[in-house]
Amino acid sequence: MHPALYWIRRDLRLADNPALHAAARSGRPVVPVYVHAPDEAGAWAPGGASQWWLHHSLQALAEALAGHGLTLIIRHGDSLAALTELIAETGATAVHWNRLYEPARVRSDIRVKQALKANGIEAHSHNAALLHEPWTIQTGSGGDYKAFTPFWRACRRQQPEPPAPLPVPAAVTAPAGADALPGAVDPGRGRTAALDALGLLPRVDWAEGLRATWQPGEAGAGQRLSAFLDQALAGYHDGREQPAVAGTSRLSPHLHHGEIGPRQVWQAVQIRLAEHGSADGRGESAETFLSEIGWREFAQHVLYHHPAFPDEPLNPQFAAFPWQDDPGDQLLGAWQRGETGIPLVDAGMRELYATGWMHNRVRMVVGSFLVKNLRLPWQAGEAWFWDTLVDADLASNSLGWQWVAGSGADAAPFFRVFNPIRQGERFDAEGAYVARWLPALAGLPAKHRHAPWQAPAAALAAAGITLGIDYPHPLVDLKESRQAALAAFEQIKKGA
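Here the sequence shown is numbered in UniProt numbering, starting from 1 and rising by one per residue.
Below, the structure is given as structure tokens:
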């Protein structure tokens with residue numbers, strides 16, 4: 001039979017992979033192909049941390065495919081041109097892929113599907129990434145949701161339990177000569193030139209902390225999920241708020257790159273509940289955790305229905321917000337480097353740079369500080385996160401930044417300005433998170449770690465700290481900058 005191409009994007013796994021499953025089920029030999037086409041993402045091509053992850057995830061996928069007798073083919077350039085070339089080389093008559101939902105990807109997929117069909121090639125797209133695709137959940141009037149709670153309620157009402165995830169295909173074959181095709185990758189035999197040629201790894205190696213923190217790939221995703229279920233699910237409802245403890249799943253980069261799917265996560269949680277019951281708050285924690293899967297779905301829903309969401313405020317009133325001038329990006333640079341003089345903010349930014357990840361509670365705090373205390377545009381923070389987060393996801397990143405800016409869907413009101421001192425005292429009471437990422441402050445008593453400028457001179461001296469030398473003075477006064485932000489907000493309210 002003529003082969004089928006399995007076109008890989010952000011679905012870097014074998015289990016619960018509808019496109020791979022359908023290609024295998026057709027009985028055709030299967031050719032897995034990854035086409036590196038960053039230009040098709042428009043202005044939002046993957047950032048540095050995402051590219052590092054992608055390299056290692058593709059390597060892991062190539063090894064997993066080889067274990068099932070398949071060879072990963074890597075091509076570079078326009079997706080349609082690359083697929084058309086591979087179709088000519090293999091005689092393939094069908095292409096299967098899993099859908100993406102960013103505006104630029106949707107436009108590209110429509111073009112590819114139309115062209116393939118016009119040339120007599122079967123073109124099948126599938127859903128691997130979401131429990132509910134964006135167009136399947138509608139309000140009573142047929143519109144889209146802009147608030148999470150009614151959206152998630154509608155999702156649960158429409159489908160109380162998702163379908164079971166698909167297994168790894170039991171029988172899948174490769175066409176003869178597939179391993180000799182241009183771009184063939186087989187890490188087991190040292191054939192990685194096509195992957196290396198993508199240039200995804202940094203030229204200057206800044207990824208030591210990422211390597212120490214993460215294991216990209218399907219196996220790493222499974223291990224991360226198992227560890228979370230064993231160690232943190234029971235206490236998730238409260239533990240997720242404490243950045244100093246391992247209270248969250250840290251599955252976000254694995255979900256973004258499709259190394260695990262939401263159906264798999266959902267089923268694993270339900271199995272664990274069936275095994276252990278809902279005692280000790282486990283049921284409440286499970287519902288809270290699954291609602292975080294819901295937020296991921298909500299982000300995709302909002303982006304699909306509002307394609308300009310990553311660049312423009314959903315609430316047009318905020319287009320006129322009077323941002324602060326920042327000559328030479330001095331304020332932005334201090335924030336990026338974790339040198340604002342506000343410990344919880346700086347600890348978060350240094351965790352981000354070291355590991356490519358930041359605790360969600362801290363993301364809200366550092367975002368609020370940038371937008372409201374420094375009064376710099378949320379798009380500047382969004383762009384920095386896009387480049388430095390291993391879980392940089394266009395929908396979720398945009399939703400998070402517009403949430404904290406008060407301009408997006410189901411956003412926090414602008415007048416809610418996070419106080420990083422109070423947030424630290426509440427969620428990092430012992431200052432352990434701050435001490436880990438700001439070792440210069442570790443010698444201070446816990447009660448002074450979140451506001452060292454308020455510490456007695458004797459305490460600073462005993463800890464060997466000279467403010468302005470060992471740790472910066474605060475970049476802004478928290479109270480005064482909050483008042484300035486609220487005054488700016490009043491300006492746009494009056495102009496509405």
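C-beta atoms are modelled at their ideal positions from N, C-alpha and C, and glycine is treated no differently. No experiment lies behind these values; they were computed from the predicted model shown.
For Leu130 and Gly220, the gap between their C-alpha atoms comes out near 20 Å. Between His126 and Arg75, the CB-CB gap reaches or exceeds 9 Å. Contact between His21 and Leu166 holds: their C-beta atoms lie close to 5 Å from each other, under 8 Å. Boundaries of the beta strand (DSSP E) around Trp7: Ala4 to Ile8. Here Val345 carries a helix assignment [DSSP, helix/strand/coil]. If only uninterrupted alpha helix (DSSP H) runs of at least 4 residues are considered, those enclosed by the segment 231–279 are 236–239, 252–256 and 262–276. Here DSSP, grouped into helix, strand and coil, assigns Pro439 to helix.
When the alpha-carbon of Gln423 is set against those of Ala451, Leu444, Pro445 and Ala409, the nearest one is in Ala451.
Closest in C-alpha terms to Gly338, from the list Ala92, Gly408, Val404 and Pro439, comes Pro439. DSSP, read as helix, strand or coil, puts Asp186 in strand.
Counting other Cβ atoms within 10 Å of its Cβ, Gln158 stays below 16 and is therefore classed as exposed. Here the C-alpha atom of Trp437 lies approximately 42 Å from the C-alpha atom of Ala184. If you look at Leu72, you'll find it in the beta strand (DSSP E) that goes Leu72 to His76. Every alpha helix (DSSP H) of 4 residues or more that sits fully in the segment 336–411 is shown, in chain order, as 343–355, 360–368, 378–388 and 394–405.
Here Arg153 carries a helix assignment [DSSP, helix/strand/coil]. Contiguous alpha helix (DSSP H) elements confined to the UniProt domain "Photolyase/cryptochrome alpha/beta" (2–131) occur at 18–25, 48–66, 79–90 and 103–118, taking only those with 4 or more residues. Between the alpha carbons of Leu303 and Gly120 lies a gap of roughly 32 Å.
Distance from Pro472 to Gly341 at the Cβ level is roughly 4 Å; contact confirmed, criterion being Cβ atoms closer than 8 Å.
When the Cα atoms are used, Leu70 and Gly177 turn out to be separated by approximately 11 Å. Judged by DSSP in its simplified three-state form, Leu225 adopts helix. If one requires a minimum length of 4 residues, no alpha helix (DSSP H) run lies completely within the segment 292–319.
Closest in C-alpha terms to Trp357, from the list Thr213, Asp39 and Val30, comes Thr213. Secondary structure of Tyr471 (DSSP, three-state): strand. Between Pro322 and Gly408, the CB-CB gap reaches or exceeds 9 Å. In the structure shown, the three-state DSSP call for Arg416 is coil. Relative to Pro377, the option among Phe151, Ser396, Ala487 and Ala320 whose CA is nearest is Ala320. Distance from the CA of Ala41 to the CA of Gly468, rounded to the nearest whole angstrom, comes to 43 Å. Nearest Cα to Pro29 within the set Leu5, Ala19, Gln454 and Arg10: Leu5.
For Arg426, the three-state secondary structure derived from DSSP is helix.
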